[in-house]
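Residue numbers (this note's numbering): 645 to 854.
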């Protein structure tokens, strides 16, 4: 729904509250009724059009592909790893403050060192920067080739038996921004709130993958 937003009587649209049906167009206002709600409200056409455009932009920004089939695979994969994945960060002491500040800007809290966040004092590690990884089990109910992590991101075998791993800081930071967390305890409700509406069913399908 990019470009000009045209409201029509009987059409369904959505804002930050939810989906609604347009009952009547009255000049610069629309009379609407939200789904599962008896209440009828009048809304500004200009404001609703702006909200719809903003929502569309936000959804497109988290969808890695223009191809709908690939996006469906991607969000199904996110559902799977939100249930089965573990995100870890190996951080040398020199990078700890910067990493914690980055994490705070994304999550609003400092990372807990007991949840996938490790500060290494090993000299060999200290010469490197932050290294983040996602580890998850090889799925049994779907083929590995059905997993899609977006763009050029790929998984490789983990040193752990029957596990796969993605060593990619940018991808792990993206997961944090979507609502994932360090460790394996991810807030699925927070994540699904950031999934585009039309792909939520794919995400939920991924939650069921074993």
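Just so you know, even glycine gets a beta-carbon here, dropped at the ideal spot from N, CA and C.
TODO: Check whether the Cβ atoms of residue 649 and residue 696 lie closer than 8 Å to each other.
DONE: Your numbering for residue 649 matches position 5 in the chain shown. Your numbering for residue 696 matches position 52 in the chain shown. The answer is yes: Cβ separation under 8 Å.
Task: Own chain residues within Cβ distance below 6 Å of residue 773, not counting five before or after - done: Position 129 of the chain shown, counted from the start, is the residue given in the question as residue 773. 739, listed in sequence order.
Open item on the list: By the three-class DSSP mapping on this structure, what secondary structure does residue 843 have?
Closed with: Translated into the one-based positions of the chain shown, residue 843 becomes position 199. Here residue 843 sits in helix by DSSP.
- [ ] In angstroms with no decimal places, state the Cα-to-Cα distance between residue 780 and residue 716.
- [x] As a working mapping, residue 780 is identified with position 136 in the chain shown. As a working mapping, residue 716 is identified with position 72 in the chain shown. One C-alpha to the other measures close to 20 Å.
Open item on the list: I'd like to know whether the C-beta atoms of residue 679 and residue 655 end up nearer to each other than 8 Å.
Closed with: On the chain shown, position 35 is the one that residue 679 refers to. On the chain shown, position 11 is the one that residue 655 refers to. No.
TODO: Leaving out five residues on either side along the sequence, give the residues of the same chain with a beta carbon under 7 Å from the beta carbon of residue 645.
DONE: Along the chain shown, read from residue 1 onward, the residue named residue 645 stands at position 1. Because the pLDDT at residue 645 is just 41, under 50, the model does not fix this residue reliably, and the value given afterwards should be weighed accordingly. The answer, listed in chain order, is 696 and 700.
Task: the segment 749-757 / the segment 782-800 touching (three or more Cβ pairs under 8 Å) - done: no
Open item on the list: Using only the alpha-carbon positions, how far apart do residue 687 and residue 660 sit?
Closed with: As a first step, residue 687 is located in the chain shown; it is residue number 43 there, counting from the start. As a first step, residue 660 is located in the chain shown; it is residue number 16 there, counting from the start. The alpha-carbon atoms of residue 687 and residue 660 are separated by roughly 13 Å.
Open item on the list: For a test of the three-state rule: what should DSSP assign to residue 646, helix, strand or coil?
Closed with: Taking the chain shown and counting its residues from 1, one reaches residue 646 at position 2. Low confidence applies to residue 646: its pLDDT is 40, below 50, so where it sits in the model is not reliable, and the reading given next is rough at best. Note: residue 646 maps to coil in three-state DSSP.
Task: Stretch pair the segment 825-840 + the segment 721-731: three plus CB contacts closer than 8 Å - done: The segment 721-731 and the segment 825-840 touch, with three or more beta-carbon pairs separated by less than 8 Å.
Open item on the list: For residue 668 and residue 844, I'd like the C-alpha separation in whole angstroms.
Closed with: The residue you call residue 668 lines up with position 24 of the chain shown. The residue you call residue 844 lines up with position 200 of the chain shown. If I take the Cα positions, the gap works out to 30 Å.
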